[in-house]
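Visitor:
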Amino acid sequence: PTLTSRQSPVPLFVTDAIVVDPTASTGAPSAPITDPLCDALEVVDGFSTLYLELGPVTMSLSILQDALADAVACCDGAIDGPTADLPPLGKDSLGNALKYLAGVSSLYRKFGSERVPIPVVREALEKAMVRCW
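In terms of our numbering, the sequence shown is residues -8 to 124.
1) If you follow the alpha helix (DSSP H) that glycine 46 is in, where does it begin and where does it stop?
2) Please check the pair serine 39 and leucine 55, which I expect to be a contact at CB under 8 angstroms, by giving their CB distance rounded to whole angstroms.
3) How many angstroms separate the CA atom of valine 34 from the CA atom of arginine 106?
4) My guess is that cysteine 123 and leucine 28 are in contact by the Cβ rule of under 8 angstroms, so how many angstroms apart are they, rounded?
5) Is it right to say leucine 45 is buried, meaning 16 or more other beta carbons lie within 10 angstroms of its own, or is it exposed?
6) Round the Cβ separation of valine 48 and methionine 120 to the nearest angstrom and send it over; I've been treating them as touching at under 8 angstroms.
7) Alpha helix (DSSP H) containing proline 110: first to last residue?
8) Rounded to whole angstroms, how far is the Cβ of serine 104 from the Cβ of aspartate 36, which I believe are closer than 8 angstroms?
9) Given this structure, state the Cα-to-Cα distance separating valine 112 from threonine 25, to the nearest angstrom.
10) Does the distance from the C-beta atom of glycine 86 to that of leucine 43 stay below 9 angstroms?
11) Nearest to alanine 115 by CA position, among Met50, Ala69 and Ala93, is which residue?
12) Check for me: the alpha helix (DSSP H) holding arginine 100 runs from which residue to which?
Structure below.
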């Protein structure tokens, strides 16, 4: 015979809960929802850093151009097309444009499109892109 002990009922309270879909597979955890623009900006930031550290002799400028173009396409997809006006070019160097873009990109990834509108991100991308050509 097994011995069992009875405990008096203890009330339990739920403070935090996670909604679980009982029909979902129980294998690997689901992938997090990602923002394609955040992913594209991560790639741009990585290539920009490499370009600024290593220079054009080591890293092909076309790799950076492609990453910038992909990020601009993500912006266009998010705002239903390109903006009407191109940003003023000024006389900044590619290095300064990439530093500005890195700052805008960091702010966007931290605060999202509610605090850093996508047209602002697109403008920073364009400023860097026109200096690559």
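Just so it is clear, CB atoms sit at the ideal spot from N, CA and C, and this is done for glycine as well.
Guide: Let me lay it out:
1) No alpha helix (DSSP H) contains glycine 46, which DSSP labels as neither H nor E.
2) 7 angstroms
3) 21 angstroms
4) Wrong, their Cβ atoms sit about 19 angstroms apart, outside the cutoff.
5) exposed
6) Actually they do not touch by this definition, with Cβ atoms about 21 angstroms apart.
7) 109 to 123
8) About 17 angstroms separates the two Cβ atoms, so there is no contact after all.
9) 17 angstroms
10) yes
11) Ala93
12) 85 to 102
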